[in-house]
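Engineer: The structure follows.
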Amino acid sequence: MKAFEKLPALKYALILIAGVIAGSYIEFNVYIIFPLILLLCFIFYLFRKNEYAIFILFLIIFLCGFLKSGLDFHYNISVSIKNVPPTKNDSEILICGIISEPPQYDSNKIKFTLECEYIVSGKDSFAAGGNVLAYLFPDKKLDSGKAPPQLNSGDEISAYGRLVLPKGERNPGGFNYKKYLELHDISKLFYIKGFDNYELISEDNLSFFYDKIIYPVRNYSVKLIDSTIGKDEGAFLNGLVTGERKDISEDFKDKFVNAGVMHLIAVSGLNVGYVIIFLSLILSFFRIKLIPKTIILLIALVFYCAFAGASASILRASLMGGLVLIAYVIQRKVTLLNLTGFSIIIIILFDARQLFDAGFILSYSAIFSMALFYDVLVSLVPERIKRKKFVFAVIIVLLTTAAAQIGTLPISAIYFGKVSVVSFITNIIAIPLSNFSLALGFLQ
Numbered sequence: 381m382k383a384f385e386k387l388p389a390l391k392y393a394l395i396l397i398a399g400v401i402a403g404s405y406i407e408f409n410v411y412i413i414f415p416l417i418l419l420l421c422f423i424f425y426l427f428r429k430n431e432y433a434i435f436i437l438f439l440i441i442f443l444c445g446f447l448k449s450g451l452d453f454h455y456n457i458s459v460s461i462k463n464v465p466p467t468k469n470d471s472e473i474l475i476c477g478i479i480s481e482p483p484q485y486d487s488n489k490i491k492f493t494l495e496c497e498y499i500v501s502g503k504d505s506f507a508a509g510g511n512v513l514a515y516l517f518p519d520k521k522l523d524s525g526k527a528p529p530q531l532n533s534g535d536e537i538s539a540y541g542r543l544v545l546p547k548g549e550r551n552p553g554g555f556n557y558k559k560y561l562e563l564h565d566i567s568k569l570f571y572i573k574g575f576d577n578y579e580l581i582s583e584d585n586l587s588f589f590y591d592k593i594i595y596p597v598r599n600y601s602v603k604l605i606d607s608t609i610g611k612d613e614g615a616f617l618n619g620l621v622t623g624e625r626k627d628i629s630e631d632f633k634d635k636f637v638n639a640g641v642m643h644l645i646a647v648s649g650l651n652v653g654y655v656i657i658f659l660s661l662i663l664s665f666f667r668i669k670l671i672p673k674t675i676i677l678l679i680a681l682v683f684y685c686a687f688a689g690a691s692a693s694i695l696r697a698s699l700m701g702g703l704v705l706i707a708y709v710i711q712r713k714v715t716l717l718n719l720t721g722f723s724i725i726i727i728i729l730f731d732a733r734q735l736f737d738a739g740f741i742l743s744y745s746a747i748f749s750m751a752l753f754y755d756v757l758v759s760l761v762p763e764r765i766k767r768k769k770f771v772f773a774v775i776i777v778l779l780t781t782a783a784a785q786i787g788t789l790p791i792s793a794i795y796f797g798k799v800s801v802v803s804f805i806t807n808i809i810a811i812p813l814s815n816f817s818l819a820l821g822f823l824q
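Quick note on our numbering: the sequence shown kicks off at 381 and runs consecutively.
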């Protein structure tokens, strides 16, 4: 316990995590948990000076995690699409909803997330919230030679199709597609066959922030990189800078998986570092004072987090970057582990399902692994090498990568079922090169 005295945020984060894990397996009435938390808070207030009051606080935090998990995993409104049974045989239902993200096009289908509004099944019509992952396929007979329709985020459409339950775990320990979609707030698949089976109702139904700022800027960035670089190299840079990975070929992905560097085709915490560095240099040039400068940087982090898709790694890095900026303004000393714990608390309170996301686990495994093993690895470097500044700077980059790999390799083995025998070496080489590519991508 003494080891956690200087790391209160990490200590509370671990207790909150325990509550979330327990709540994900045990379904309990949330209307009972909430009054119990209030009662314990009152008891804690009365006995706050007692030496055992800390255990009451731990129980409160645990129950908060338990409650949040129950709300995110088990509590569903009665009109949710999750409670609508899949369609039988070849029958179809009509779903009306809003396309919440830019659709992904390939040679034989259009894929998009549809935020449901109401459903028509037979003679019944009823409201239904929640998201479905929709696929619009061409009808081979009726749509032969037709160009696919141009769907956009913010379009409100109605479509006839089949509602299907995603497949779960096919083999013991294998990938569970159903659980993966549920973690991303998607409960069903919706298959639409034929371009005539959908109808555009209205446009521009998203918030102004996403509809007029985020998605247009992202689309411009993707097109710019495609036009100047193109092919798999451009698709790779798009993955690094914008988080857009739909144009990366399967062959290209397989090569990265086999080399053990698949994580490179994603937005990482380094992106946040570049945002802070580049913008700080520009603001410093105009001699912006500290507080206005920090506010601008925080706004930029929020923008970039939304721009890059708010994945677990970018959300974690944005939070930690923002907390460091705030700590600098209020002149508070921060530690990596305490900062990490605080970011975990914020993410869990926002969405407890993130705790079970592979990206979240890999991201934080890398952080904790670096915190635990980096100093140990640096201590192994001879003093005569440490005195050579350039050589030691290169070694620091390699050791940082190695320290992160120690924590992420076991997790990768569990999630993806294999570990490349050359991944440790390829990561040490590939990560600095990808960082250089990322810097060039931002400059572009």
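Idealized CB from N, CA, C, for every residue including glycine. Nothing here was measured: the structure is a model prediction, and the numbers come from that model.
1. Are Val400 and Gly450 close, meaning C-beta to C-beta below 7 Å?
2. If you count every other CB in all the chains shown that lies within 10 Å of the CB of Asn718, and 16 or more means buried, which is it?
3. Whole-angstrom Cβ separation of Ile791 and Ile741, contact assumed at under 8 Å?
4. Which complete beta strand (DSSP E) runs does the region 500 to 528 hold, if anything under 3 residues is left out?
5. Distance, Cα to Cα, Leu670 vs Val709?
6. With a CB to CB cut of under 8 Å and the five nearest residues on each side skipped, what residues in its chain are close to Thr493?
7. Rounded to the nearest angstrom, what separates Lys673 and Tyr595 at their Cα positions?
8. Reducing DSSP to helix, strand and coil, say where Glu407 ends up.
9. Starting from Ala686, follow the alpha helix (DSSP H) in both directions and report where the run begins and ends.
10. For a test of the three-state rule: what should DSSP assign to Asn532, helix, strand or coil?
11. Within the same chain, show all residues whose beta-carbon is closer than 6 Å to that of Arg733, passing over the 5 residues directly before and after it, in chain order.
12. Where does the unbroken alpha helix (DSSP H) through Lys386 begin, and where does it stop?
13. Once DSSP output is grouped into helix, strand and coil, what is the label at Lys826?
14. Should Met700 and Ser723 be called a contact, given that it needs their Cβ atoms to be closer than 7 Å?
15. Helix, strand or coil for Arg696 per DSSP?
16. Can you check whether the CB of Leu661 is closer than 7 Å to the CB of Ile572?
17. With DSSP as the reference, label Leu703 as helix, strand or coil.
18. Check whether the Cβ atoms of Ser743 and Ser693 lie closer than 7 Å to each other.
19. If I measure Cβ to Cβ from Ala746 and keep anything under 7 Å in the same chain, skipping five residues before and after, which residues do I get?
20. I'd like to confirm the pairing. Which residues does DSSP put opposite Thr493 in its beta bridges?
21. Please classify Glu583: does DSSP put it in a helix, a strand, or coil?
22. Output yes or no for whether 7 Å exceeds the beta carbon distance between Val602 and Asn618.
23. Put Arg598 into one of helix, strand or coil per three-state DSSP.
24. Taking Cβ positions, are Phe725 and Leu390 nearer each other than 7 Å?
25. In this structure, does DSSP put Ser471 in helix, strand or coil?
26. Do the CB positions of Glu702 and Leu681 come within less than 7 Å of each other?
27. Under 7 Å between the Cβ atoms of Thr608 and Leu543?
28. Look at the alpha carbon of Phe770 and the alpha carbon of Phe570, and state the distance between them as a whole number of angstroms.
29. Leaving out five residues on either side along the sequence, give the residues of the same chain with a beta carbon under 8 Å from the beta carbon of Leu437.
30. Find out if the Cβ-Cβ distance for the pair Gly538, Leu474 is shorter than 7 Å.
31. Starting from Lys559, trace the alpha helix (DSSP H) both ways and give me its first and last residue.
32. What's the C-alpha gap between Gly653 and Leu677?
33. Starting from Tyr571, follow the beta strand (DSSP E) in both directions and report where the run begins and ends.
34. Using 7 Å as the threshold, is the C-beta distance between Glu472 and Tyr540 below it?
35. Report the rounded CA-to-CA distance for Arg428 versus Phe506, giving the unit in angstroms.
36. DSSP beta-bridge partners for Gly477?
Structural biologist: According to the structure shown:
1. no
2. buried
3. 6 Å
4. 504 to 507, 511 to 517
5. 7 Å
6. Ile479, Ser480, Glu481, Asn511, Val512, Leu513, Ala514, Ile566
7. 26 Å
8. coil
9. 670 to 687
10. coil
11. Asp452, Leu563
12. That residue, Lys386, is in no alpha helix (DSSP H); it is neither H nor E in DSSP.
13. No statement about residue 826 is possible, as the shown extent of the chain runs from 381 to 824 and does not include it.
14. yes
15. helix
16. no
17. helix
18. yes
19. Ala784, Gly787, Thr788
20. Leu513
21. coil
22. yes
23. helix
24. Checking the displayed sequence, the identity of residue 725 turns out to be Ile instead of Phe. No, these two residues do not count as a Cβ contact at 7 Å.
25. coil
26. Sequence inspection shows Gly at residue 702; the Glu mentioned does not correspond to that position. Yes; because the gap between Cβ atoms is below 7 Å, this pair is in contact.
27. no
28. 56 Å
29. Phe424
30. The sequence given here places Ser at residue 538; Gly does not occur at that position. Yes, these two residues count as a Cβ contact at 7 Å.
31. 557 to 563
32. 11 Å
33. 566 to 573
34. yes
35. 50 Å
36. Cys496, Ile537
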